[in-house]
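Protein chains in written order, with our numbering: chain C, 1 to 134; chain G, 1001 to 1134; chain Z, 2001 to 2134.
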Amino acid sequence: MKQQRSEIVTGDRRITEVTDRCAAFAAEQGGDGLLHVFLPHATAGLALVETGAGSDDDLAAHLDELLPRDDRWRHRHGSPGHGADHVLPALVSPSLTVPVDAGRLALGTWQSIVIVDTNADNRTRTLRLSFLAG
Amino acid sequence: MKQQRSEIVTGDRRITEVTDRCAAFAAEQGGDGLLHVFLPHATAGLALVETGAGSDDDLAAHLDELLPRDDRWRHRHGSPGHGADHVLPALVSPSLTVPVDAGRLALGTWQSIVIVDTNADNRTRTLRLSFLAG
Amino acid sequence: MKQQRSEIVTGDRRITEVTDRCAAFAAEQGGDGLLHVFLPHATAGLALVETGAGSDDDLAAHLDELLPRDDRWRHRHGSPGHGADHVLPALVSPSLTVPVDAGRLALGTWQSIVIVDTNADNRTRTLRLSFLAG
């Protein structure tokens, strides 16, 4: 199994696209298989969404509706509302699998792989890619 | 890795069961392994839920609570409220993996594999199945 | 593909940690690969979250906000509000994949694997682990 571990600077961005990095890794493998994408973090997730036509901003904004950054959370570390970040990965999982055809990600036209990261206190994330040849 | 790509007519249905199709594909492979199910679409997801006792309707109805079809969305293409469809796959992922025992899906008694598709503008979906022999 | 099926007593707990069990199974395999974790149940899911600093309680409590246990549900079996349990797995999937490095789960420092189970009527769950060697 080929693996790659890389550091992604998410900074203040709540949605960070990593499609190109995943595609480059898949291309290096060259065959059919499954690409597993993983974040070893407890306050971030991965999603397959359209980017660039407003939906990435919609997702970031709507997460504040679904997981309000107020004082309801028992987890009290970090910035106010940070407890919400710890519930996020139950809804937006940090584990994602994508088929690969001859080294190409089999994504739909409008699908991008993004890191969803509402935790501005953590500005760098580790992305783990694993390729299982078919 | 054996793969199958098929077209599923979802039409107006928000929940479309594809368990039989997945089971037939797994049966053709015949051994132990993992079945990966994938939708190459940015406005649909996959879920494992009970069907036929109201829960599929509950899921479809409740998604309108979680992702209201109003004018809050920045994504402005398509029908009113269509921006909600683009946030859906972050919560209901289009990627799902199911164990296979000797060609049989290892689903629980009440688990069905369904396409969750709130986007009535897109009436046909591509379903991608991949089998990784164990 | 090595597999293990075990019974987990969840009882009244809404969040039940299974990291140690998953880690022990991965250690028995000893190499690199992917661990697939699966629940053959229609009213439970799996999540990767921090435990022990309030976030597990936050998740359990917040699921009642996202999926209220009232009379809105068409699914009418079981306890009042049980329809919510059947929508849960669409948001918190019962399927999860984790990379394994030389027999060790490649989890982040604060990530634990938990069963999310809001259905107190079902006090025992089957956990299925599958290891795909890389």
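All residues carry an ideal CB built from backbone N, CA and C; glycine is no exception.
Best match in the options for proximity to residue i [C-alpha to C-alpha]
i: L2035/Z; options: L2107/Z, V2114/Z, P2099/Z and A2047/Z; result: P2099/Z
i: R2074/Z; options: L2063/Z, H2086/Z and G2054/Z; result: H2086/Z
i: D1012/G; options: A1120/G, G1108/G and L1091/G; result: A1120/G
i: T1109/G; options: V1116/G, G1078/G and G1052/G; result: G1052/G
i: D2071/Z; options: R1076/G, D1058/G, D1071/G and R1072/G; result: D1058/G
i: R76/C; options: E2050/Z, A2027/Z, D2020/Z and I2115/Z; result: E2050/Z
i: N2122/Z; options: T2043/Z, A2060/Z, L2088/Z and L2066/Z; result: T2043/Z
i: V116/C; options: A60/C, L66/C and L105/C; result: A60/C
i: M1/C; options: V2018/Z, G2031/Z and A2024/Z; result: G2031/Z
9 Å Cβ cutoff, residue i in contact with chain Z
i: L67/C; result: yes
i: D1117/G; result: no
i: L1127/G; result: no
i: D1064/G; result: no
i: P138/C; result: A question about residue 138/C goes unanswered here, because the residues of chain C that appear run from 1 up to 134.
i: A60/C; result: no
i: R76/C; result: yes
i: A1047/G; result: yes
i: D1137/G; result: Residue numbering for chain G in the displayed model covers 1001 to 1134; residue 1137/G lies beyond these limits and cannot be assessed.
Proximity test, Cβ basis, 9 Å: residue i and chain C
i: D2020/Z; result: no
i: D2085/Z; result: no
i: E2050/Z; result: yes
i: R1014/G; result: no
i: G2054/Z; result: yes
i: G2033/Z; result: yes
i: A1102/G; result: no
i: A2042/Z; result: no
Beta carbon proximity, residue i to chain G, threshold 9 Å
i: E2132/Z; result: The sequence given here has Leu at residue 2132/Z, not Glu. With 9 Å as the cut-off, L2132/Z counts as an interface residue toward chain G.
i: V98/C; result: yes
i: R2072/Z; result: yes
i: Q3/C; result: no
i: L2039/Z; result: yes
i: G30/C; result: no
i: G108/C; result: yes
Assigned exposure category for residue i - 16 Cβ within 10 Å defines buried
i: G2033/Z; result: buried
i: H2062/Z; result: buried
i: P40/C; result: buried
i: A26/C; result: buried
Cβ-Cβ distance between residue i and residue j below 9 Å
i: I113/C; j: D56/C; result: no
i: T2118/Z; j: D2064/Z; result: yes
i: Q1003/G; j: L1048/G; result: no
i: P1094/G; j: A1084/G; result: no
i: Q2029/Z; j: G2103/Z; result: yes
i: G45/C; j: L107/C; result: no
i: T124/C; j: V37/C; result: no
i: L127/C; j: S6/C; result: yes
i: G1134/G; j: S2079/Z; result: no
i: C2022/Z; j: L2105/Z; result: yes
Any non-hydrogen atom of the ligand GTP closer than 8 Å to residue i Cβ
i: E2050/Z; result: Questions concerning the ligand GTP fall outside what the structure shown contains, since it holds no ligand whatsoever.
The beta strand (DSSP E) enclosing residue i, as first and last residue numbers
i: P2099/Z; result: S2095 to D2101
i: G83/C; result: Counting along the chain, G83/C falls outside any beta strand (DSSP E), though it belongs to the alpha helix (DSSP H) covering G83 to L91.
i: T1109/G; result: It is not in any beta strand (DSSP E) - T1109/G carries neither H nor E in the DSSP assignment.
i: G1033/G; result: G1033 to F1038
i: R128/C; result: T124 to A133
i: S6/C; result: K2 to V9
i: A47/C; result: G45 to V49
Residue interval of the alpha helix (DSSP H) (run including residue i)
i: H62/C; result: S55 to L66
i: R2021/Z; result: T2019 to Q2029
Partner residues on chain B for residue i, Cβ-Cβ distance less than 9 Å
i: S93/C; result: Protein chains C, G and Z are contained in the structure displayed, whereas chain B is not.
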